[in-house]
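When you line the sequence shown up against mature numbering (1 follows the signal peptide of the UniProt record, and there is no 0), it's residues -24 to -1, 1 to 113, in that order.
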Amino acid sequence: MKALLTAPTVVLVALWGSPGAAPADPAGTSPPFVDHTEWARWHGRSSLRVFPTPSGRLAAGRSSDPALADEAWAEVLALSPDADTPGMRAQFICHWQFAEVAEPGKASWNLEPWRPVVDDAEMAASGCNPGGPEERF
């Protein structure tokens, strides 16, 4: 996932088109976006596994409407209120924007409270996993 995320912005724009090119809510991308969440342990550290619905997978990365990402994050918080930290939200938004392009169909998008809060460029360069390698469940 890291290789794709570090590609030049021009490539990403070419993949998705300009922000105004797609409808705000493409067909088939209605909530709910999150099927369930599950706290897990990875090398002794907490990780929240977020399992998107088929609609969530379609909406992720295909919509330029931040309201859809906000709706999906609200669903995560309804299922796992302890996830309400700036770093975990930033990881979720990164996965929302890139996961289905970089690794389509990945079982879960994994968010860790121990990862550092970083800027958007570092988040993308780290493959949505700043501060350490991606966990494999």
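Think of the CB as a built atom: it goes at the ideal place given N, C-alpha and C, for glycine as much as any other residue.
Alpha-carbon to alpha-carbon, residue j and residue i
| i | j | result |
| --- | --- | --- |
| THR5 | SER31 | 5 Å |
| PRO109 | VAL52 | 23 Å |
| MET99 | GLN67 | 7 Å |
| HIS19 | GLU111 | 9 Å |
| HIS12 | ASP95 | 27 Å |
| ALA43 | CYS70 | 15 Å |
| PRO92 | ALA101 | 14 Å |
| PHE74 | ALA83 | 14 Å |
| ASP1 | ARG21 | Confidence at ASP1 is low in this model, with a pLDDT of 49, below 50, so its placement is unreliable and no value can be given for it. |
| CYS104 | THR61 | 15 Å |
| ALA97 | PRO57 | 27 Å |
| residue 143 | GLU76 | Absent from the model: residue 143. The displayed extent of the chain is -24 to 113, so no value can be given. |
| GLY107 | GLY81 | 24 Å |
C-beta atoms of residue i and residue j nearer than 8 Å
| i | j | result |
| --- | --- | --- |
| GLY37 | TRP72 | yes |
Anticipated Cβ contact below 8 Å, residue i with residue j, distance rounded
| i | j | result |
| --- | --- | --- |
| MET64 | LEU24 | 7 Å |
| LEU87 | ALA54 | In fact, because the Cβ distance is near 15 Å, the residues do not count as touching under 8 Å. |
**Prompt:** When the Cβ atoms of the segment 33 to 48 are set against those of the segment 6 to 15, are three or more pairs found closer than 8 Å?
**Reply:** yes
**Message:** As an exercise, report each continuous alpha helix (DSSP H) stretch of at least 4 residues that is fully enclosed by the segment 29 to 106, in chain order.
**Reply:** 30 to 35, 42 to 55, 62 to 78, 96 to 101
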